[in-house]
Amino acid sequence: MSDIAIRVEKIGKLYHIGERENYKTLRDIITNTIYAPFRWFNNNSPSKSRNLQSEDIIWALKDVSFEVKHGEVIGIIGRNGAGKSTLLKILSRITEPTEGYIKIHGRVGSLLEVGTGFHPELTGRENLYLNGAILGMKRSEIAKNFDEIVAFAEVEKFIDTPVKHYSSGMYMRLAFAVAAHMEIEILVVDEVLAVGDIVFQKKCLGKMEDVAKKGRTVLFVSHNMAAVKKLCTKGILLEYGSIIKNGSTEDVVNSYLDNNIPVQEFKPIRIDALGLEIQKITLNKDAEGVVLPFKPLSITLDIFAGNDVTGIGLQVMITKDTIDGILFSSNTKQTKDIDVCLRKGMNKITCLISNFNLCSGKYMLGFAIDCPNVCWHYYNYNVLSFDAQETMNGLWMTLPNYSHFYLDHRWIITN
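Residue numbers (the numbering used here): 497 to 911.
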């Protein structure tokens, strides 16, 4: 048997702007998955290439080729819009490539976004069995893992409740538990660590490590460079739909951080599910991409709301480019007496850090929104970046420092 789990050859994915994707029926998906654990799909036919010169097209992926061996854990990284999610949807057979071919050896379990594959009217129990059936598993196989899946998801009391009544956290916990516990050869995960609380994120990461240790193949997309570095054995860096680096995790992550994080770049973020637009994020009003240690740091979000929105949680995070993970995080839901109510129109919300005691270096600002009334989150570890620089004789400069924090201390020398 070949040691190659996935072979991707020169695939491309073209979208016609304004044209809807033609998805398969649920029956097609179930039939294809059950009867084709070894899958080959090829889309080089001329009919797929119509109107390729039109101005109303966009290539989400172009000329992408790579191989994944059985048991490898591959991190796929890149900026928003680089083509990561499109690639995973093709590998999961949610959509087909416009050109090129892919050969997959083994059953694929996917967790691409909150609620993918769940029917809102069905209970957690019914969705669990449905997902297992789609993967081609027998009812006895699903029953064997049922208790472990439910316990991992922490939804024992609600397993017979329609999932449309689940909170977003419950929804994601169950979706991840189903994908991670099923007897599959290949696990495809897109930003699973982008939702839920810290405890759940650590739980997911630990489970994916267990899956990898059992010799299964994992493809993992994340903006969390610390998680990618910890979990993955190799990395793929996508930019504008093409692979620009494929190699060791450390080399790929460093290339991403060196070349893809311009200082103080921010583009408005539309959150259609909540009718919100994050129009601007400002550091200290006039920081111009640089902040000073030991000084206050204000993070201000200008949020336009189409209607009144209540019950949401806002979170800001600061991470460092040395991929050591989150250095600072604050969530309004975990802060006493803070209730975020956005009124129709423009809202301004500020997180004030009274003493920014991080050492000099490049930092990334992350931002998240959690709304319990809908099964949806927005989470991005890098909405903009900034430099922390020390001053000497009134000049800004970056001093070498191998720690992350300034702690109040002193030296005592006794002779």
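For every residue, glycine included, the Cβ atom is placed at its ideal position computed from N, Cα and C.
Residue i classed as buried or exposed, judged by whether at least 16 other C-beta atoms fall within 10 angstroms
i	result
residue 653	exposed
residue 806	exposed
residue 848	exposed
residue 695	exposed
residue 909	exposed
residue 890	Caution is warranted here: a pLDDT of 40 is assigned to residue 890, below 50, making its placement in the model unreliable, and no coordinate value can be reported.
residue 831	exposed
residue 839	exposed
residue 790	exposed
residue 541	Because residue 541 carries a pLDDT of 43, less than 50, the predicted location of this residue cannot be relied on, and the following value inherits that uncertainty. Its Cβ having fewer than 16 others within 10 Å, residue 541 is exposed.
residue 746	exposed
residue 850	exposed
residue 498	exposed
residue 548	Low confidence applies to residue 548: its pLDDT is 49, below 50, so where it sits in the model is not reliable, and the reading given next is rough at best. It is exposed - the Cβ of residue 548 has fewer than 16 other Cβ atoms within 10 Å.
residue 750	buried
residue 546	With a pLDDT of 46 at residue 546, under the threshold of 50, the modelled position of this residue cannot be trusted, and the question is left open.
residue 601	buried
residue 759	Caution is warranted here: a pLDDT of 44 is assigned to residue 759, below 50, making its placement in the model unreliable, and no coordinate value can be reported.
residue 502	buried
residue 867	buried
residue 948	Here the chain comprises residues numbered 497 to 911, so residue 948 is not present and cannot be evaluated.
residue 711	exposed
residue 871	Note that residue 871 scores 47 on pLDDT, short of 50, meaning its location in the model is unreliable; the coordinates nonetheless yield the value given after this. The residue in question, residue 871, is buried, as its Cβ has 16 or more Cβ neighbours within 10 Å.
residue 644	exposed
residue 803	exposed
residue 639	exposed
residue 561	exposed
residue 664	buried
residue 834	exposed
residue 677	buried
residue 588	buried
residue 504	buried
residue 895	For residue 895, the pLDDT reaches just 44, beneath the cut-off of 50, and the residue's location in the model is therefore unreliable, although a value from the coordinates is still provided. That one is exposed.
residue 887	Annotation note: pLDDT 48 at residue 887 (below 50); position unreliable, coordinate value reported separately. Exposed.
residue 506	exposed
residue 769	exposed
residue 702	exposed
residue 725	buried
Rounded distance between the beta-carbons of residue j and residue i, thought under 8 Å
i	j	result
residue 776	residue 798	4 Å
residue 713	residue 682	5 Å
residue 841	residue 801	7 Å
residue 822	residue 815	5 Å
residue 554	residue 734	At roughly 15 Å, the Cβ-Cβ gap does not stay under 8 Å, so residue 554 and residue 734 are not in contact.
residue 728	residue 716	6 Å
residue 646	residue 616	Not confirmed; about 19 Å, so no contact.
residue 845	residue 793	Contact doesn't hold; Cβ gap of about 15 Å is too wide.
residue 586	residue 570	The pair is not a contact, with the Cβ atoms about 15 Å apart (cut-off 8 Å).
residue 669	residue 650	6 Å
residue 673	residue 648	4 Å
residue 779	residue 795	6 Å
residue 563	residue 730	That pair is no contact at about 10 Å.
residue 787	residue 852	6 Å
Limits of the unbroken beta strand (DSSP E) element including residue i
i	result
residue 866	857-867
residue 663	Per DSSP, residue 663 belongs to no beta strand (DSSP E) and is neither H nor E.
residue 778	772-779
residue 654	Per DSSP, residue 654 belongs to no beta strand (DSSP E) and is neither H nor E.
residue 811	805-816
residue 846	841-849
residue 446	No answer is possible for residue 446: it lies beyond the span of the chain, which begins at 497 and ends at 911.
residue 565	553-565
residue 599	595-601
residue 574	Element bounds for residue 574: n/a, residue is neither H nor E.
residue 852	Counting along the chain, residue 852 falls outside any beta strand (DSSP E), and DSSP gives it neither H nor E.
residue 824	822-827
residue 607	604-607
residue 838	836-838
Run of the alpha helix (DSSP H) containing residue i, from where it starts to where it stops
i	result
residue 582	580-587
residue 793	Residue 793 -> not in any alpha helix (DSSP H); beta strand (DSSP E) instead, spanning 793-801.
residue 633	From DSSP, residue 633 is part of no alpha helix (DSSP H); its letter is neither H nor E.
Cutoff 7 Å: residue i Cβ touching any chain B Cβ
i	result
residue 849	Here there is only one protein chain, and chain B is not present.
beta-carbon residue i near the ligand MG non-hydrogen atom, thresh 6 Å
i	result
residue 909	With respect to small molecules bound, the structure shown includes none, and the ligand MG cannot be examined in it.
Stretch pair the region 705-716 + the region 738-748: three plus CB contacts closer than 8 Å:
no
Cβ contact check for the region 619-628 and the region 575-586: 3 or more pairs under 8 Å
no
Would you say the region 505-512 touches the region 584-600, given that touching needs at least three Cβ pairs under 8 Å?
yes
Quick test of the definition: if touching needs 3 or more C-beta pairs under 8 Å, does the region 720-735 touch the region 599-609?
no
Ordered list of beta strand (DSSP E) runs contained in the region 683-768, each at least 3 residues
713-717, 730-735, 738-744 and 765-767
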